[in-house]
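**Q** Numbering (this note's numbering), first residue to last: 2 to 228. Beta carbons are placed, not taken as given, at the ideal position from N, Cα and C, and that holds for glycine. No experiment lies behind these values; they were computed from the predicted model shown. One structure, pasted below without further comment.
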């Protein structure tokens with residue numbers, strides 16, 4: 002079946018379980034491809050382990066998903082979250098684990114996701130990450146990419162955009178948010194220990210968060226991707 006199916010006369014779309022699974026696998030591949038870059042970013046402001054830790058976690062996720070079956074999107078996302086919590090060190094494990102666990106809670110029992118479902122998942126993800134990390138916009142964290150991405154998606158849907166277009170706008174907003182972390186002085190996490198010296202460096206968490214939303218847009222916006 003096609004990855005994206007029309008569910009209304011407004012051009013709204015939905016993505017099936019297999020499409021969500023493919024997004025997770027694509028994100029894992031992007032983390033693998035960018036692990037050195039993410040680690041270099043982290044070397045400037047943190048423990049120089051973000052890329053390595055995320056690659057380890059997503060590799061473990063792939064092993065879990067290879068053995069999984071079913072069609073519950075929420076259950077699958079919870080599996081991703083629990084695996085990350087148990088395998089990723091540093092701050093990335095608890096934060097990304099929470100992100101996926103909250104996404105899973107918001108989509109429990111669903112075999113496919115429409116725009117409203119994805120908006121709810123993004124809301125839950127942001128809320129979970131903020132509750133766990135206590136970060137606000139401007140603190141130079143992954144929140145600085147996630148919140149613009151969430152808000153742009155919701156605004157696009159409210160304007161009547163199709164699901165693929167809203168996903169692209171979300172990824173673009175997350176990219177701008179990521180880039181906007183460069184001049185910021187970190188107020189949370191290991192980077193905050195550097196004070197003013199943290200300015201001038203792109204936040205690694207915001208960078209991986211942009212990859213998360215970009216891979217969703219890339220995976221779910223193709224015209225005829227097989228499910």
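Could you compute how far the alpha carbon of residue 194 sits from the alpha carbon of residue 180?
**A** In this predicted model, residue 194 has a pLDDT of only 49, less than 50, meaning its place in the structure is not dependable; the value taken from the coordinates is given anyway. Taking the straight line joining both Cα atoms gives about 21 Å.
**Q** List in chain order: all unbroken beta strand (DSSP E) runs of 3+ residues lying wholly within the region 63-140.
**A** Taking only runs of at least 3 residues, no beta strand (DSSP E) segment lies wholly in the region 63-140.
**Q** Hey, residue 88 and residue 58: beta-carbon distance below 7 Å or not?
**A** Yes, these two residues count as a Cβ contact at 7 Å.
**Q** Residue 143 by DSSP, collapsed to three states: which one?
**A** Correct three-state label for residue 143: coil.
**Q** Which of the three DSSP states is assigned to residue 222 in this structure?
**A** Residue 222 falls in the coil class under three-state DSSP.
**Q** Return the first residue and the last residue of the alpha helix (DSSP H) that residue 46 is part of.
**A** Segment 18-46, the alpha helix (DSSP H) holding residue 46.
**Q** Since residue 79 and residue 102 should fall inside the 8 Å C-beta cutoff, what is the C-beta to C-beta distance between them, to a whole number of angstroms?
**A** Residue 79 to residue 102, Cβ: 6 Å. Contact.
**Q** Look at the alpha carbon of residue 96 and the alpha carbon of residue 134, and state the distance between them as a whole number of angstroms.
**A** Approximately 7 Å between the Cα atoms of the pair.
**Q** Identify which residue in 148, 176, 72 and 109 has its Cα closest to the Cα of residue 215.
**A** When each option's Cα is compared against that of residue 215, the closest is 176.
**Q** Assuming the contact rule is C-beta atoms closer than 8 Å, residue 208 and residue 39 should be a hit. Round their C-beta distance to whole Å, please.
**A** Yes, they are in contact, since the Cβ atoms of residue 208 and residue 39 sit about 6 Å apart, within 8 Å.
**Q** What is the DSSP secondary structure of residue 178, counted as helix, strand or coil?
**A** In this structure, residue 178 counts as helix in the three-state DSSP scheme.
**Q** Are the CB atoms of residue 74 and residue 111 nearer to each other than 7 Å?
**A** The answer is yes: Cβ separation under 7 Å.
**Q** Assuming residue 157 contacts residue 170 under a Cβ cut-off of 8 Å, what Cβ separation, rounded to an integer in Å, is found between them?
**A** The pair is a contact, with the Cβ atoms about 5 Å apart (cut-off 8 Å).
**Q** Within this structure, are the beta carbons of residue 178 and residue 149 separated by less than 7 Å?
**A** It is a contact, given that the beta carbons lie within the stated cut-off.
**Q** In this structure, how does DSSP classify residue 173 when only helix, strand and coil are distinguished?
**A** Here residue 173 sits in helix by DSSP.
**Q** Inspect the beta-carbon positions of residue 168 and residue 122 and report whether they are closer than 7 Å.
**A** It is not a contact, given that the beta carbons lie outside the stated cut-off.
**Q** Taking the Cβ atom as the reference point for each residue, do residue 182 and residue 145 lie within a distance shorter than 7 Å?
**A** In this structure, residue 145 lies closer than 7 Å to residue 182 by Cβ.
**Q** Helix, strand or coil: which one does DSSP assign to residue 216?
**A** In this structure, residue 216 counts as helix in the three-state DSSP scheme.
**Q** For the putative contact between residue 46 and residue 132, defined by C-beta atoms under 8 Å, what is the C-beta separation to the nearest angstrom?
**A** Wrong, their Cβ atoms sit about 23 Å apart, outside the cutoff.
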